[in-house]
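Read through the structure below, which is laid out as structure tokens, and then see the notes.
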Amino acid sequence: MNRSSIYMKISFFAFAFLCYVQQVLAQASADTSLRWQSGYMDIHHINTGRGNSTFFIFPDGTTMLLDAGDLNATAFLRKNAPLKVAPARPNDSKTAGKWIAEYIRQAMPGGRSPELDYLVISHFHADHYGDLTERSKPAAGQPFQRTGITEVGDLVPIKTIIDRGYPAYNFPVDLRKYYTEDGSTFLNYVAFVEAKVRQGAKAEMMLAGSNSQLVLRQRPADFPTFRVQNVKANGTIWAGADTKTFIHFTADSVVNKQGKFNENPLCLAFKISYGPFDYFTGADNTGLRGYGLPLWFDTETPMARVVGPVDAMTLNHHGNRDASNETFLQSLNPAIVIQQSWCSDQPGQEVMHRLGSPALGRKREAFALHLLPESQNYLGFWLKATYRSTEGHVLIRVLPGGTQFWVGVLDDMNPTLTVKQWRGPFSATK
39 MNRSSIYMKI
49 SFFAFAFLCY
59 VQQVLAQASA
69 DTSLRWQSGY
79 MDIHHINTGR
89 GNSTFFIFPD
99 GTTMLLDAGD
109 LNATAFLRKN
119 APLKVAPARP
129 NDSKTAGKWI
139 AEYIRQAMPG
149 GRSPELDYLV
159 ISHFHADHYG
169 DLTERSKPAA
179 GQPFQRTGIT
189 EVGDLVPIKT
199 IIDRGYPAYN
209 FPVDLRKYYT
219 EDGSTFLNYV
229 AFVEAKVRQG
239 AKAEMMLAGS
249 NSQLVLRQRP
259 ADFPTFRVQN
269 VKANGTIWAG
279 ADTKTFIHFT
289 ADSVVNKQGK
299 FNENPLCLAF
309 KISYGPFDYF
319 TGADNTGLRG
329 YGLPLWFDTE
339 TPMARVVGPV
349 DAMTLNHHGN
359 RDASNETFLQ
369 SLNPAIVIQQ
379 SWCSDQPGQE
389 VMHRLGSPAL
399 GRKREAFALH
409 LLPESQNYLG
419 FWLKATYRST
429 EGHVLIRVLP
439 GGTQFWVGVL
449 DDMNPTLTVK
459 QWRGPFSATK
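What follows is the structure, given as structure tokens:
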């Protein structure tokens with residue numbers, strides 16, 4: 039063996055050893071602590087068993103909460119039997135809003151007191167913003183009761199509230215007149231927003247197309263590659279360039295002859311970019327075509343054209359069969375999918391098969407917050423091919439610069455945040 043060959047082999051083994059050491063160090067740093075560090079972007083998908091809630095810590099420590107569901111499980115089961123609802127997590131000793139506030143307290147960066155730079159509400163359904171029940175207590179000295187969003191917002195200081203309608207709340211109809219049932223959760227929410235504004239918080243409607251509404255509040259100059267692109271609000275969708283938008287549907291088109299409408303296609307959606315890493319979340323946006331549905335019901339296909347490939351995303355509408363269509367999954371082509379599930383019909387079996395289809399892009403890994411036994415039984419053995427976890431909070435941790443990220447599954451039955459497993463590192467693919 040000549041000297042050149044020896045040097046080449048030594049160089050190869052040295053390089054391989056360094057790569058191994060780097061991977062071990064990365065594994066160790068991710069495994070040993072849930073503590074956020076400057077430059078990390080942490081995305082906590084919280085499982086309370088009562089709906090969606092996602093806590094974001096941006097690279098400079100800016101904080102944001104998207105939704106805080108508190109579904110009335112008893113009423114849902116009475117109306118929708120034989121469907122089943124996930125158990126309350128960690129347990130039923132507190133409301134979902136209190137558990138979310140406690141989660142935020144434990145996850146807050148740098149030992150700071152809990153505080154939200156942004157509180158974002160995707161749409162006005164109980165599993166995303168709360169539901170007034172006999173458990174809903176009046177907020178001390180305030181003109182509203184606590185449930186979901188209003189409970190978290192009463193327990194945690196807020197700087198800016200963003201939803202799909204402030205201040206007019208008139209899409210697709212006057213919502214103050216539409217949601218007038220006894221114990222109206224919506225009117226209670228409006229009372230909460232107005233009270234917080236009087237106390238100094240800002241409130242805004244999400245502006246589709248904007249990339250300057252959700253911004254870093256602490257040290258923006260340190261992270262120039264970070265951006266939140268607002269993709270959709272109500273029927274308006276970003277056109278893919280600058281802040282230009284187009285109208286996918288009008289107010290008149292979504293209201294039926296009985297004066298009713300579906301909140302889900304009106305949901306907010308946005309894309310977060312950090313270096314090469316991209317993440318999309320679209321709440322309960324819909325994508326089903328055919329079956330007598332109007333074309334506007336498919337909000338996913340026009341979004342897919344402008345969002346493009348991402349590294350991670352949440353399944354629209356909890357993985358229900360009226361969302362996550364072929365075009366959407368193929369265009370976004372995520373490596374990691376988070377399913378914010380709470381009901382026994384989630385995901386639809388056809389959605390699960392689309393997730394695992396090699397015809398729709400790269401091999402994916404899916405993480406569900408909770409899949410009920412009934413769900414796992416009807417999904418069958420195919421479930422194991424795609425799903426890596428079916429129980430627990432799911433944390434996406436993007437490392438400084440956005441080139442790599444990890445996925446952590448946390449024990450949702452333990453009130454103290456504890457990691458059960460890490461998967462990664464994954465490489466961002468832009």
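Note that the sequence shown covers residues 39 to 468 in this note's numbering. For every residue, glycine included, the Cβ atom is placed at its ideal position computed from N, Cα and C.
Just to confirm my understanding: we take residue i, look at its own chain, exclude 5 residues before and 5 after, and list those with CB closer than 6 Å. What are they?
| i | result |
| --- | --- |
| Q459 | V447 |
| D26 | The first residue shown for the chain is 39 and the last is 468, placing residue 26 beyond what the model contains. |
| T171 | N110 |
| Q256 | D98, G99 and T100 |
| T456 | D449 |
| V158 | L104 and I200 |
| F94 | I81 and M102 |
| A241 | I199, Y204, V231 and V235 |
| G325 | D336, E338, A361, N363 and F366 |
| N354 | G320, N323, A361 and S362 |
| A139 | V190, L193 and V194 |
Going by CA-CA distance only, name the one from the options that's closest to residue i.
| i | options | result |
| --- | --- | --- |
| D515 | E301, A342 and G87 | Given that the chain is displayed from residue 39 to residue 468, the structure contains no residue 515 and the question cannot be resolved. |
| Y156 | A229, L115 and L252 | L252 |
| M209 | K175, T218, D192 and V293 | Note that residue 209 is Phe in the sequence shown here, rather than Met. When each option's Cα is compared against that of F209, the closest is V293. |
| R343 | K422, S369 and N226 | S369 |
| G179 | K136, A233 and P385 | A233 |
| G328 | F96, N363 and W380 | N363 |
| R359 | V190, A289 and E338 | E338 |
| L470 | L409, G77, F94 and K298 | Nothing can be reported for residue 470: it is not among the residues displayed for the chain, which extend from 39 to 468. |
| L304 | P262, A423 and T288 | T288 |
| A134 | A241, P453, Q267 and V445 | P453 |
| Y167 | G149, Q387, T324 and R202 | R202 |
| G320 | K295, L331, L333 and A350 | A350 |
| D192 | A177, A206 and P181 | A177 |
| A119 | D383, K175 and P332 | D383 |
| L407 | L115, G357, K282 and H163 | G357 |
| K309 | L331, K295 and I275 | I275 |
| L72 | A466, H431 and T467 | H431 |
| R426 | L331, L393 and Q442 | L393 |
| K132 | C381, A466, R173 and V266 | R173 |
| M243 | S160, L409 and A423 | S160 |
In or out: residue i buried (at least 16 other Cβ within 10 Å) or exposed?
| i | result |
| --- | --- |
| L63 | With a pLDDT of 40 at L63, under the threshold of 50, the modelled position of that residue is not reliable, and the figure given next carries that caveat. So L63 ends up on the exposed side. |
| Y416 | exposed |
| G92 | The sequence given here has Thr at residue 92, not Gly. The residue is buried, with at least 16 neighbouring Cβ atoms inside 10 Å. |
| E153 | exposed |
| D260 | exposed |
| A145 | buried |
| Q377 | buried |
| S151 | exposed |
| F419 | exposed |
| Q237 | exposed |
| K175 | exposed |
| G149 | exposed |
| Q442 | buried |
| D290 | exposed |
| Q267 | buried |
For residue i, write down the residues that DSSP places opposite it in a beta bridge.
| i | result |
| --- | --- |
| E429 | H408 |
| H83 | T92 and V432 |
| D316 | S311 |
| W460 | G446 |
| M451 | Answer by DSSP bridge pairing: none, since M451 is not bridged. |
| Q26 | Past the boundaries of the shown model lies residue 26; the chain is included only from 39 to 468, so the question cannot be answered. |
| V375 | M351 and A404 |
| K240 | T198 |
| Q183 | P176 |
| L157 | L103 and I199 |
| R284 | First, the amino acid is wrong: residue 284 is Phe here, not Arg. The partner list for F284 (beta bridge, DSSP) reads I275. |
| V123 | C381 |
| S465 | Q442 |
Among the residues of its own chain, which have a CB less than 8 Å from the CB of residue i, if the five just before and after it don't count?
| i | result |
| --- | --- |
| Q414 | L421 and T428 |
| S42 | Its pLDDT being 49, under 50, S42 is placed unreliably in this model, and the coordinates cannot settle the point. |
| Y78 | I95, P97, R435, V436, L437 and P438 |
| D263 | At residue 263 the sequence reads Thr, which differs from the Asp that was named. Around T263: S311, Y312, G313, G439 and G440. |
Using a threshold of 6 Å, is the CB atom of residue i nearer than that to any non-hydrogen atom of the ligand HEM?
| i | result |
| --- | --- |
| V123 | This structure lacks the ligand HEM, and indeed carries no ligand of any kind. |
Keeping to the same chain, check which residues put their C-beta closer than 7 Å to that of residue i; ignore five residues upstream and five downstream.
| i | result |
| --- | --- |
| Q387 | Y416 and L417 |
| A229 | P181 and F182 |
| I4 | Outside the shown range of the chain (39 to 468) lies residue 4, about which nothing can therefore be said. |
Exercise. Between the stretch 435-444 and the stretch 304-321, are three or more C-beta pairs nearer than 8 Å?
Worked result: yes
Exercise. Any chance the stretch 269-276 sits against the stretch 234-253, with 3 or more Cβ pairs inside 8 Å?
Worked result: yes
For this session: Could you tell me whether the stretch 390-403 touches the stretch 111-121, using the rule of 3 or more Cβ pairs below 8 Å?
Result: no
Exercise. Does the stretch 361-375 come within contact of the stretch 336-350, defined as at least 3 CB pairs closer than 8 Å?
Worked result: yes
Exercise. At a cut of 8 Å, does the stretch 126-133 reach the stretch 83-94 through at least three beta carbon pairs?
Worked result: yes
Exercise. Is the stretch 184-196 touching the stretch 222-233, taking contact as three or more C-beta pairs under 8 Å?
Worked result: yes
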